[in-house]
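Below you'll find the structure, written out as structure tokens, and then a few comments.
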Amino acid sequence: MIDITDLRNNPQKYIDLIAKGRGDAKRADISKWLKLDTQRNELIKKINKKRNKRNELSKGLKGKPSPEIINEVKRVKVEVEELETKLSQIEEEWKEILDWIPNLPLDEVPDGVSELNNVEIKAWNPEIGYFDETMLEGCDGSSKFMNDQGSHQDEMFKTLPHWEVADNLKIVDLQAGAKASGSRFYYLSGDGVLLFEAVVQLMWQKLLSEGFIPLYSPLLVRESVLYGSSHFPGDADQVYKIESKNIEDSNDLYLVGSSEPSNFAKFMNKTLNLDDLPIKLMARSTCFRSEAGSWGKDVRGIKRAHQFEKLEMNIICKNDLEESRKMHEYLLSLNEWLLQELKIPYHVINMCIGDLGYYAAAKKYDIEFWTPSQKCFTEIMSNSITTDYQSRRLNIKYKNENNELSFVHTLNDTAVTHRILIAIIEHYQQSDGSIKVPEALQSYIKKEFIFKNKL
């Protein structure tokens, strides 16, 4: 949620933001909200005035009040109820518009309305290391310097797409997943599971060494939690709802698409100590997404699925942009550490205003690995600064250096998902059809190559 006082005092910057393609222009009608806000404030004043009058009149009801006083009290009471009904109607629309107003982007976020306006800020591959700035251009300038083959193939041959290799080795079964649950479901089997778990363990141990606190978080959450993390109302079509009749306390519950909402909800309505900040959290969870809007896209393989595993990183820090930026770069460094340990080529892009994604994001990096079979980059990690947008909704505060209450800043980061398997398969496939296990994972999986599984 944005700062309402700032919206009242500086509405034009929000109007300009919506005009740049951020958010839903019809639902986030700033001009209409300002009119409703004026009406709301006027009604609140009238109601308070009427209530004061009623209280004064009520004092005259002691003893034997006159019929005139009794009638006047009744009349004022009816007037208050009518005004409260009108206020309730206005506040419903007032709040609905407010809920659709996105967070203000930081100054360094590029202008633009689509992924073509994103800005490539760095690129890396195991042969070159970090690319020189002259090799970066637009949203994917480094692509022309990436190899058309996997970086760790044993000889020259055309890189096969991950779904072909995975199917040949029987480590991913898309057909069985479709038979059991429908499209965009799959089974990981045998070494496919072990390979993914090895990556998770590699990153898990790294995060533990960095002082991250592991959480086991609920996969089902209340609507207020998804609203608080700003996944509602904007991304409501991505979420699966569980019927309340099947829940013991008859509350509607929703399957999470990330442990982020659950993790931050742990601190909902709390006041934290300054000395405890920053709080660094990590959680492994099964995630669920409808992928509405992507039907017909990426239908082959495991790039887009309704169910997947994810290792999430979250940070709660002071309400200070310098601190938030520092934490944002820190999270990015952890993403890069993992990909460099696995020797997977990638680039990092600074997302433009129109491509920031969910409404809480004030700045967002996407980390995309090079996909040689498709000759393009594929998103594998993402991290965002959300400033105090989420903490206002979740009511997470701390006492700052001046002992004043302030809303915290929050950050989120995708550390590992099943997409890491795509990257490994694309870059480590061998001429005999096997997959070489990245050196960093061999101590976890206890083998050097993955051959055809039995199931």
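Position in the sequence shown (from 1) plus 1498 gives the number in the numbering used here.
In this text, a Cβ means the ideal position worked out from N, Cα and C, and glycines have one as well.
Fair warning: this is a prediction, and the values are worked out from it, not measured in the lab.
DSSP state of residue i, grouped into three classes?
| i | result |
| --- | --- |
| L1809 | strand |
| P1565 | helix |
| R1957 | Look at the range of the chain in this structure, 1499 to 1953, and you will see that residue 1957 is not part of it. |
| N1666 | helix |
| P1509 | helix |
| Y1942 | helix |
| K1544 | helix |
| M1644 | coil |
| S1904 | strand |
| G1799 | coil |
| I1948 | strand |
| D1774 | helix |
| K1739 | strand |
| A1913 | strand |
| G1627 | strand |
| L1532 | helix |
| I1588 | helix |
| P1524 | According to the sequence shown, residue 1524 is Lys rather than Pro. Coil. |
| L1892 | helix |
| L1753 | strand |
| K1656 | coil |
| K1575 | helix |
| K1593 | helix |
| L1953 | coil |
| I1814 | strand |
| I1502 | helix |
| L1718 | strand |
| I1516 | helix |
Quick one: give me the first and last residue of the alpha helix (DSSP H) that residue i is part of.
| i | result |
| --- | --- |
| Y1725 | E1721 to G1726 |
| S1760 | E1758 to A1763 |
| M1677 | The question names Met, yet the displayed sequence has Lys at residue 1677. That run of the alpha helix (DSSP H) goes L1672 to S1679. |
Which whole-angstrom value describes the C-beta separation of residue i and residue j, a residue pair presumed to lie in contact below a C-beta threshold of 8 Å?
| i | j | result |
| --- | --- | --- |
| Y1844 | W1622 | 6 Å |
| N1893 | M1766 | 6 Å |
| D1811 | L1832 | Before going on, a small fix: residue 1811 reads as Met here, not Asp. With 8 Å as the limit, M1811 and L1832 qualify as a contact, their Cβ atoms being about 7 Å apart. |
| S1932 | I1948 | 6 Å |
| C1785 | F1762 | Not quite, the Cβ-Cβ distance comes to about 15 Å (not below 8 Å), so this is no contact. |
| I1814 | I1777 | 4 Å |
| L1837 | F1875 | Between F1875 and L1837 the Cβ distance is about 12 Å, and since that is not below 8 Å, they are no contact. |
| E1613 | G1636 | Contact flag wrong, Cβ pair sits at about 11 Å. |
| H1925 | I1842 | 6 Å |
| Q1657 | K1808 | At residue 1657 the sequence reads Thr, which differs from the Gln that was named. Contact flag wrong, Cβ pair sits at about 26 Å. |
| L1718 | I1740 | 6 Å |
| G1732 | Y1856 | 6 Å |
Could you tell me the boundaries of the beta strand (DSSP E) in which residue i lies?
| i | result |
| --- | --- |
| V1698 | No beta strand (DSSP E) holds V1698; the alpha helix (DSSP H) holding it covers D1689 to S1707. |
| I1923 | Careful: I1923 lies outside any beta strand (DSSP E), inside the alpha helix (DSSP H) at R1917 to Y1926. |
| N1781 | Looking at the sequence provided, one finds Ala at residue 1781 rather than Asn. Looking at the DSSP string, the run of the beta strand (DSSP E) that includes A1781 is I1777 to F1786. |
| A1621 | V1617 to N1623 |
| I1711 | I1711 to L1713 |
| Y1896 | K1895 to K1897 |
| Y1959 | The requested residue 1959 does not occur in the structure, where the chain is confined to residues 1499 to 1953. |
| L1602 | Neither: L1602 is in no beta strand (DSSP E) and is coded neither H nor E. |
Which residues in the same chain have their Cβ closer than 8 Å to the Cβ of residue i, if we skip the five residues on either side of it in sequence?
| i | result |
| --- | --- |
| M1654 | Q1647 |
| S1929 | Q1651, D1652, E1653 and F1655 |
| L1515 | G1521, P1600, L1602, P1603 and I1851 |
| K1620 | Y1628, F1629, L1634, H1845 and V1846 |
| K1668 | S1687, G1688, K1950, N1951, K1952 and L1953 |
| W1531 | L1505, W1592, I1595, L1596 and I1599 |
| L1772 | K1816, Y1896, K1897, N1898 and E1899 |
Between which residues of its own chain and residue i is the CB-CB distance below 7 Å, once the five residues before and five after are set aside?
| i | result |
| --- | --- |
| L1724 | F1730, V1737, Y1752 and P1759 |
| A1676 | F1683 |
| E1577 | K1548 |
| S1556 | V1571 |
| M1644 | N1623, P1843 and W1868 |
| K1575 | R1552 |
| S1904 | N1817, K1895, Y1896 and N1898 |
Considering only residues of the same chain and omitting the five flanking positions on each side of residue i, which have a CB-CB separation below 6 Å?
| i | result |
| --- | --- |
| S1603 | Residue identity differs from the one stated: residue 1603 is Pro in this sequence, not Ser. I1851 and A1860, listed in sequence order. |
| R1798 | W1661 |
| I1920 | H1660 |
| S1757 | S1715, A1781, S1783 and E1810 |
| A1858 | N1601, S1728, T1884, Y1887 and Q1888 |
| N1910 | E1758, N1812 and S1882 |
| L1692 | I1943 |
| V1914 | V1697, V1698, M1701 and L1809 |
| G1639 | E1618 |
| K1518 | I1851 |
Exercise for review: Return the chain-ordered ranges of every alpha helix (DSSP H) run that is complete within the region 1818-1886 and spans a minimum of 4 residues.
Suggested key: Uninterrupted alpha helix (DSSP H) stretches at least 4 residues long and entirely within the region 1818-1886 occur at 1819-1840, given in chain order.
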